Amino acid sequence: MAKESSRLDALLAERGEIARFAITIAVVIGVIAYVQSQGGVVWNPLSLSLRIAFISMVLTLVVGTGLTVLLMWRKLPGRDLIDAITSVPLVLPPTVLGYYLIVSLGPESAVGRAWEAVFGGPLIFTFQGAVVAASLGSLPLVVRSVRVGLESVDPNYTAAARTLGAGPLRVFFTIVLPLAAPGVIAGAMLGFARALGDYGATMFFAGARIDGVPTGSIAVMDFFFGNNEAGARRMSLVMTVVGVAMLYLANRLTRRMLPNRA
Amino acid sequence: MPDLVAKITLARSSDFALDVELACPHGITCIMGPSGSGKSTILAVLAGLQTPDRGRVAVGNHVWLDRDQGIDVPVHQRRLSYVFQGLALFPHMNAVHNVEYGMHDTPRAERTAKALALLERVGVGHLAKRRPRTFSGGEAQRVALARALARSPELVLLDEPFSALDRDLRAQLVSLVRELSRELTVPIVHVTHSIAEARQLADQIVRLDKGKVVARGKPAEVLAGVTSLEE
Numbered sequence: 011m012a013k014e015s016s017r018l019d020a021l022l023a024e025r026g027e028i029a030r031f032a033i034t035i036a037v038v039i040g041v042i043a044y045v046q047s048q049g050g051v052v053w054n055p056l057s058l059s060l061r062i063a064f065i066s067m068v069l070t071l072v073v074g075t076g077l078t079v080l081l082m083w084r085k086l087p088g089r090d091l092i093d094a095i096t097s098v099p100l101v102l103p104p105t106v107l108g109y110y111l112i113v114s115l116g117p118e119s120a121v122g123r124a125w126e127a128v129f130g131g132p133l134i135f136t137f138q139g140a141v142v143a144a145s146l147g148s149l150p151l152v153v154r155s156v157r158v159g160l161e162s163v164d165p166n167y168t169a170a171a172r173t174l175g176a177g178p179l180r181v182f183f184t185i186v187l188p189l190a191a192p193g194v195i196a197g198a199m200l201g202f203a204r205a206l207g208d209y210g211a212t213m214f215f216a217g218a219r220i221d222g223v224p225t226g227s228i229a230v231m232d233f234f235f236g237n238n239e240a241g242a243r244r245m246s247l248v249m250t251v252v253g254v255a256m257l258y259l260a261n262r263l264t265r266r267m268l269p270n271r272a
Numbered sequence: 055m056p057d058l059v060a061k062i063t064l065a066r067s068s069d070f071a072l073d074v075e076l077a078c079p080h081g082i083t084c085i086m087g088p089s090g091s092g093k094s095t096i097l098a099v100l101a102g103l104q105t106p107d108r109g110r111v112a113v114g115n116h117v118w119l120d121r122d123q124g125i126d127v128p129v130h131q132r133r134l135s136y137v138f139q140g141l142a143l144f145p146h147m148n149a150v151h152n153v154e155y156g157m158h159d160t161p162r163a164e165r166t167a168k169a170l171a172l173l174e175r176v177g178v179g180h181l182a183k184r185r186p187r188t189f190s191g192g193e194a195q196r197v198a199l200a201r202a203l204a205r206s207p208e209l210v211l212l213d214e215p216f217s218a219l220d221r222d223l224r225a226q227l228v229s230l231v232r233e234l235s236r237e238l239t240v241p242i243v244h245v246t247h248s249i250a251e252a253r254q255l256a257d258q259i260v261r262l263d264k265g266k267v268v269a270r271g272k273p274a275e276v277l278a279g280v281t282s283l284e285e
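Line by line, the protein sequences are chains A and P. Residue 11 is where the first sequence starts when you use this note's numbering, and the numbers rise one by one after that. Residue 55 is where the second sequence starts when you use this note's numbering, and the numbers rise one by one after that.
See the structure below:
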C-alpha cells in the first residue's frame with residue numbers, strides 16, 4: 011500500500027514532465043499520420059528504420075551501460091585508449107565504419123563465420139546487420155550520456171547503501187541506476203535518434219535494401235534521385251520531427267540531473 | 055556487549071598523518087577536534103570506506119580490519135550503521151523504503167512493520183510514505199537515525215549529524231540519541247564540533263589535534279575549561 015501510494019505521489023510530482031513527454035510523442039504521431047495521408051509512400055521505410063533504431067537502442071543501452079561501468083573503473087588497464095576507441099565512431103567517416111564492419115564481421119572474418127555456423131546465414135546484408143551498423147554509430151553517444159548520468163550520482167548515496175549491507179550489484183541496481191535514470195534514458199533516446207538516421211555504415215554493411223525495403227535515410231536518396239521530390243520531402247520531414255523530438259526529450263532528461271535545474 | 059578497539063595509522067598527505075588508538079565501550083564516545091584533525095577519516099576507516107596504511111579494527115570478537123593479517127572485511131559485511139553528515143537519505147525512496155533498505159535479509163512483511171515501528175520510535179511515523187525532499191532538517195535527521203537503527207548494528211557511527219540544526223532541534227535530537235544509546239548497548243562513535251553537544255551526549259570524549267589523540271576521558275575531565283576547539 012505504501013509502495014503504491016509512493017509511486018502515485020512520484021507520478022503526480024512529475025505530471026508536468028509526463029505531459030511534456032506525451033505532447034511530444036503526440037506531435038510525432040500527428041506528423042507521421044499527416045504525411046502518410048498526403049502521399050502514403052513513407053510508412054515501409056520509416057517502419058524499417060524505427061524497428062532497426064529500437065533494437066539498436068536496446069542493444070547499445072545494455073552494451074553501453076556495461077562499457078560505461080567498465081570505463082569508470084579507475085584501475086582498468088588502458089582505460090583512456092578503450093575510451094578513445096569507443097568514441098571514435100563520432101569522428102570517423104561512416105564508410106570507414108562500414109569497411110571495418112565488413113572486415114571484422116563479414117563472411118571472411120572469424121566472427122562472421124561463427125555467426126553463419128550458428129544462425130545458418132551471413133550477418134552482412136540482413137536486418138541484424140543493419141542493427142549492428144546503426145548501433146556502432148550510436149554507442150559513443152549512449153556511453154557519454156550514461157556516463158554523465160552515473161557520474162551525477164552523489165557518492166555519499168553509494169557509501170550509505172554499502173554501510174547498510176548492500177553488495178556492489180545491489181548498490182548498482184537499487185541506488186546508482188535509479189538515480190542515473192535520466193542520463194540512461196537520455197542516452198537511449200540519443201542512441202535511438204542516431205540509429206534512426208544512420209546511412210553510411212548501414213549502406214556499406216547491410217546494403218541499400220533489406221528484404222526489398224530501404225531504410226528511411228536511404229529512401230530519401232532513392233526518392234530524390236528517382237524524381238520523387240515530394241517523397242523525399244515527406245520522408246525528411248518525418249525523420250526531422252522524430253529526431254528533434256528525441257533530442258528535445260533527451261535534453262529535458264539531462265537537465266534533470268543538473269543541480270538548480272530550471 | 056562488544057567493545058570497539060581500533061588502531062589506525064594513515065598518511066593522508068606529506069604534512070598530515072593520522073595515528074590514533076581507540077577503545078570504545080558501549081555508550082557514546084564523542085570524537086572532537088578542529089577541522090582537518092582526522093575525525094571523519096576515523097569513521098571512514100571504521101566503516102571500511104577508507105583503508106589505512108596500518109591498523110586493526112575489531113568489534114567484540116569480530117576483526118573487521120587487520121592490515122598485518124591481510125584482513126579487510128568489505129563495508130557491506132560489517133554490521134554497522136553510519137549516519138553521514140549530509141544524511142544521504144535515498145531521494146528516490148520514501149521514508150519506509152529508506153529504513154527498510156538495511157533489512158534486506160528480513161522477510162518483507164516483518165521488514166515493513168519494523169521500519170514503521172522505528173519511524174514511530176523516533177517520532178516521524180507520519181512521514182512513512184513521503185520522500186526525503188519533503189522533510190524538514192529535523193525530520194530528515196530522525197529518519198536517518200531510524201534507518202541507522204534498523205540493521206541491529208554492532209557499531210553506530212554518527213558524523214556531525216546535527217551540525218545543520220538550530221539549538222532547539224539539536225537539543226531534542228541529543229536527548230533522542232541518549233535514549234537510543236541506552237536501548238542499543240553498542241558502541242556509538244559520534245563526531246562533533248560542538249562542546250555543548252559533547253557535554254550532553256558523551257560517556258567518553260576523545261580529543262584530536264593534527265591526527266593525534268591529545269586527551270581522552272570523561273567529559274568533565276577532558277572539557278574542563280575548554281571553550282573552543284580551534285586552539
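Beta carbons: idealized from backbone N, C-alpha and C, even for Gly. Nothing here was measured: the structure is a model prediction, and the numbers come from that model.
From which residue to which residue does the alpha helix (DSSP H) around residue i run?
i, result
"V74/P", "Segment 70 to 78 is the beta strand (DSSP E) holding V74/P; no alpha helix (DSSP H) there."
"M213/A", "210 to 216"
"A169/P", "162 to 175"
"A36/A", "25 to 48"
"P165/A", "165 to 173"
"A94/A", "89 to 97"
"A157/A", "Correcting the residue type first, residue 157/A is Arg in the shown sequence and not Ala. From DSSP, the alpha helix (DSSP H) with R157/A extends over 137 to 161."
"N152/P", "149 to 154"
"A225/P", "221 to 238"
"K85/A", "Neither: K85/A is in no alpha helix (DSSP H) and is coded neither H nor E."
"F235/A", "226 to 235"
"K93/P", "93 to 101"
"A218/P", "Where A218/P is concerned, there is no enclosing alpha helix (DSSP H), given that its DSSP letter is neither H nor E."
"L274/A", "Look at the range of chain A in this structure, 11 to 272, and you will see that residue 274/A is not part of it."
"M199/A", "191 to 206"
"E126/A", "120 to 129"
"P178/A", "178 to 181"
What whole-angstrom Cβ distance do residue i and residue j have, given they're in contact under 8 Å?
i, j, result
"R184/P", "P145/P", "Incorrect: roughly 12 Å between the Cβ atoms, too far for contact."
"L76/P", "L58/P", "7 Å"
"R133/P", "R224/P", "Between R224/P and R133/P the Cβ distance is about 28 Å, and since that is not below 8 Å, they are no contact."
"R176/P", "P207/P", "Here the sequence assigns Val to residue 176/P, which means Arg is not the residue at that position. That pair is no contact at about 15 Å."
"L173/P", "A200/P", "5 Å"
"L119/P", "G92/P", "L119/P to G92/P, Cβ: 16 Å. No contact."
"L209/P", "L103/P", "L209/P to L103/P, Cβ: 13 Å. No contact."
"V280/P", "I249/P", "6 Å"
If I follow the unbroken beta strand (DSSP E) through residue i, where does it start and stop?
i, result
"D213/P", "209 to 213"
"W118/P", "116 to 120"
"I242/P", "241 to 246"
Buried or exposed for residue i, please, with buried defined as at least 16 other CB atoms from any protein chain shown within 10 angstroms of its CB.
i, result
"W53/A", "exposed"
"L255/P", "buried"
"A43/A", "exposed"
"I39/A", "exposed"
"W83/A", "exposed"
"E24/A", "exposed"
"G265/P", "buried"
"G139/A", "buried"
"S66/A", "buried"
"L212/P", "buried"
"L227/P", "buried"
"V72/A", "exposed"
"E285/P", "The pLDDT assigned to E285/P is 48, lower than 50, so where the model puts this residue is not dependable; a value taken from the coordinates is nonetheless given after this. Exposed."
"E251/P", "buried"
"Q323/P", "Residue 323/P lies beyond the stretch modelled for chain P, which goes from 55 to 285, so this question has no answer here."
"P215/P", "buried"
"E233/P", "exposed"
Report the partner residues of residue i according to the DSSP bridge assignment.
i, result
"Q258/P", "T83/P"
"Y136/P", "L211/P"
"V370/P", "Past the boundaries of the shown model lies residue 370/P; chain P is included only from 55 to 285, so the question cannot be answered."
"A269/P", "R261/P"
"V278/P", "In the sequence as presented, Val is not what sits at residue 278/P; that position holds Ala. A278/P pairs with nothing; no bridge assigned."
"I125/P", "D120/P"
"S190/P", "According to DSSP, which records beta bridges pairwise, S190/P is partnered with nothing at all."
"V101/A", "According to DSSP, V101/A bridges with nothing at all."
"S67/P", "F70/P"
"V106/A", "None, per the DSSP bridge assignment."
"V223/A", "I220/A"
| task | Please determine if the segment 103 to 117 of chain P and the segment 150 to 162 of chain P are in contact, where contact requires at least 3 C-beta pairs separated by less than 8 Å. | result | no
| query | Does the segment 136 to 152 of chain A come close enough to the segment 191 to 211 of chain A to have 3 or more Cβ pairs within less than 8 Å? | reply | yes
| Are three or more beta carbon pairs between the segment 118 to 127 of chain P and the segment 77 to 97 of chain P nearer than 8 Å? | Too few Cβ pairs lie closer than 8 Å, so no.
| task | Check whether the segment 222 to 235 of chain A touches the segment 58 to 77 of chain A, taking contact to mean three or more Cβ pairs, one atom from each stretch, closer than 8 Å. | result | yes
| message | For the pair the segment 70 to 81 of chain A and the segment 153 to 160 of chain A, tell me if three or more CB-CB distances fall below 8 Å. | response | yes
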